[in-house]
Amino acid sequence: NPPLQLGLNALSNLGVTAPASDSGILKAIDDEVAYLCTSIHAMNKLRNHFISISRLPLEILVHIFSILMVINSPRKKYLGWIRTLHACCYWRQATIENSKLWANIPLDLSER
């Protein structure tokens with residue numbers, strides 16, 4: 001189905017009819033988008049559970065990130081090791097919750 005047709009089908013599936021107000025249609029679409037985003041997030045989290053690197057023990061993961069801090073420090077236009085926050089929920093949680101990784105925040109963000 002082309003995107004427009006998918007959109008029209010989605011509206012009919014949401015019970016939106018022609019006389020509905022624009023704000024009602026927008027709310028129904030926004031609600032559906034929020035639901036789909038939540039579903040996609042849950043499926044990605046489930047998928048990541050089956051990737052072996054996502055099952056590394058927390059201590060090993062934090063040790064790896066500690067090494068990354070030294071060899072891949074942030075720069076002015078480059079996040080360096082902080083990009084690990086973007087990999088998956090498990091890595092983000094491990095990174096944020098470990099104070100060792102945030103004990104020494106570099107203030108020199110020159111181009112290097």
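Be aware that the sequence shown starts at 1, since it is given in UniProt numbering, and climbs by one per residue. Glycine included, each C-beta is placed from N, C-alpha and C at the ideal position.
Residues of its chain near residue i, where Cβ-Cβ distance is below 7 Å and the 5 sequence neighbours each way are ignored
i: F65; result: W81, T84, T95 and L101
i: residue 113; result: Nothing in the structure corresponds to residue 113, since the chain is present only between 1 and 112.
i: residue 113; result: With the chain covering only 1 through 112, there is no way to say anything about residue 113.
Distance between beta carbons of residue j and residue i, contact taken as under 8 Å
i: S54; j: Y90; result: 5 Å
Selection from the options that minimises the alpha carbon distance to residue i
i: I51; options: E97, A87, A103 and N98; result: A87
i: V61; options: N44, E97, S23 and L46; result: The sequence shown places Leu at residue 61, not Val. For the residues N44, E97, S23 and L46, the minimum Cα distance to L61 belongs to E97.
i: N48; options: S99, A103 and R92; result: R92
Exposed unless 16 or more other CB atoms sit within 10 angstroms - verdict on residue i
i: L26; result: exposed
i: M69; result: buried
i: A103; result: exposed
Spatial neighbours of residue i in its chain, beta-carbon cut-off 6 Å, leaving aside the 5 residues before and after
i: L58; result: A94
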